[in-house]
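Below is one structure, written out as structure tokens; comments come after it.
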Amino acid sequence: MINSPLMTVMVDAVRKAARGLKRDFGEVENLQVSRKGPGNFVSIADKRAEAVLREALMKARPGYSLIMEEGGSIEGSDKTHTWHVDPLDGTTNFLHGIPHFCISVGLEREGVIVAGVIYDPIKDELFIAERGQGAFLNNRRLRVSARRDLADALVLYGSPYLGRGNHPRLLKELGTVMAVTGGVRRQGSAALDLAYVACGRADLYWERDLQSWDMAAGLIMVREAGGFATSADGGPDALAAHSVACGNELLHRDLIALLKKANQ
Ligand code: IPD
Ligand code: CA
Ligand code: CA
């Protein structure tokens with residue numbers, strides 16, 4: 037386990053926000069929903085959870101900056117620390133009553149992600165990671181899977197919403213990956229996709245057109261679990277590239293090669 041004051045702050049904030057989110061999920065059909073853009077819904081629950089997170093994080097670490105999906109950015113007096121907050125990752129699942137979504141909070145210190153918390157309130161699964169201290173699911177230490185053959189690999193991916201991203205490109209990549217791997221899944225929460233690779237449930241994951249709040253916590257989760265996480269083109273900075281590819285060292289290398297091949 038990780039018992040640092042920082043982790044306590046993050047876990048407390050996330051658990052507090054999760055209580056409302058879980059309650060709202062139970063009433064999902066009564067929620068008032070507005071359309072943010074094609075295929076990208078924002079619910080009242082989402083905004084409420086973000087407000088709880090914002091308040092808790094600002095209270096515990098007053099100077100830190102925040103980058104939040106719903107509320108945009110708040111610049112703090114401390115220029116070296118930034119929270120990347122997604123109060124509800126897996127919004128489409130949430131609104132359709134599919135119990136697969138989470139809260140994701142990552143902390144960046146001088147350009148490096150140093151801590152991450154991802155919490156799935158329905159399954160009560162808390163994924164935490166801190167730089168140099170490992171990654172954990174509830175109290176269990178995480179390791180990425182040790183599989184070596186693409187033919188055995190379960191691969192997660194994300195598809196862009198209607199009117200967003202490059203659909204033909206994804207179809208080419210998916211076709212190439214599907215042809216040589218054990219199975220593919222589109223689960224609908226980027227943060228949980230990263231967490232599932234970190235805990236070895238899935239072997240690989242890639243997605244493009246992501247934002248820092250989708251990825252920050254998950255990137256450190258995979259790395260602290262011994263995995264590789266880069267941009268989908270194999271570059272070191274997934275956040276800057278707005279894309280990710282991850283898995284164990286060997287399979288990650290194979291995935292990058294497949295994605296390159298698909299784009300030739
Ligand atoms: C989305 C989810 C989804 C991914 C999208 C994200 P949201 O986040 O992580 O899996 O494919 O790109 O935008 O909208 O549910 O917070
Ligand atoms: Ca998200
Ligand atoms: Ca979200």
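Using the working numbering, count along the sequence shown one by one with no gaps and you end on 300.
For every residue, glycine included, the Cβ atom is placed at its ideal position computed from N, Cα and C.
Since we're looking at a predicted model, the values are computed, not measured.
Am I right that residue i and residue j are in contact with their C-beta atoms under 8 Å? What's the rounded C-beta distance?
i, j, result
"Leu-361", "Leu-124", "Missing from the structure shown is residue 361; the chain here goes from 37 to 300 and no further."
"Lys-115", "Thr-212", "Contact flag wrong, Cβ pair sits at about 42 Å."
"Leu-89", "Val-64", "The Cβ separation is near 20 Å, so there is no contact."
"Ile-256", "Ile-149", "5 Å"
"Asn-299", "Lys-159", "Not quite, the Cβ-Cβ distance comes to about 35 Å (not below 8 Å), so this is no contact."
"Leu-287", "Ala-171", "With 8 Å as the limit, Leu-287 and Ala-171 do not qualify as a contact, their Cβ atoms being about 18 Å apart."
"Met-251", "Ala-276", "Not a contact, Cβ separation roughly 11 Å."
For residue i, which of the options has the nearest alpha-carbon?
i, options, result
"Ala-253", "Trp-119, Arg-59, Pro-41, Ala-81", "Trp-119"
"Gly-99", "Ala-189, Arg-244, Leu-89, Glu-111", "Glu-111"
"Val-47", "Gly-142, Ile-134, Gly-263", "Gly-142"
"Ala-227", "Tyr-193, Asn-202, Gly-168", "Tyr-193"
"Ile-164", "Arg-289, Leu-286, Met-43", "Met-43"
"Ala-49", "Ser-113, Gly-107, Leu-162", "Leu-162"
"Thr-127", "Ala-92, Ile-154, Phe-61", "Phe-61"
"Gly-199", "Ile-154, Ala-182, Tyr-232, Asp-245", "Asp-245"
"Ala-92", "Ala-268, Val-220, Ala-54", "Ala-54"
"Ser-140", "Gly-271, Val-280, Arg-51, Val-220", "Arg-51"
"Asp-156", "Met-37, Leu-295, Asp-239, Asp-229", "Asp-229"
If the criterion is Cβ atoms closer than 8 Å, does the pair residue i and residue j meet it?
i, j, result
"Val-258", "Ala-293", "no"
"Val-180", "Ala-261", "yes"
"Leu-291", "Trp-242", "yes"
"His-136", "Gly-224", "yes"
"Arg-84", "Val-45", "no"
"Ala-231", "Ile-154", "yes"
"Glu-302", "Ala-151", "Lying before the first or after the last residue shown, residue 302 is absent from the chain, which here runs from 37 to 300."
"Leu-206", "Pro-196", "yes"
"Gly-283", "Asp-239", "yes"
Is the shortest distance between the beta-carbon of residue i and the beta-carbons of chain D less than 8 Å?
i, result
"Ala-227", "Among the chains of the structure shown, chain D does not appear; only one protein chain is present."
Pocket of ligand 5 (residues with CB nearer than 5 Å to any heavy atom), chain order: You won't find ligand 5 in this model; what it holds is ligand 1, ligand 2 and ligand 3.
Please list the segments of the alpha helix (DSSP H) lying wholly inside the stretch 142–225, counting only runs of 4 or more residues, in order along the chain. 203–214
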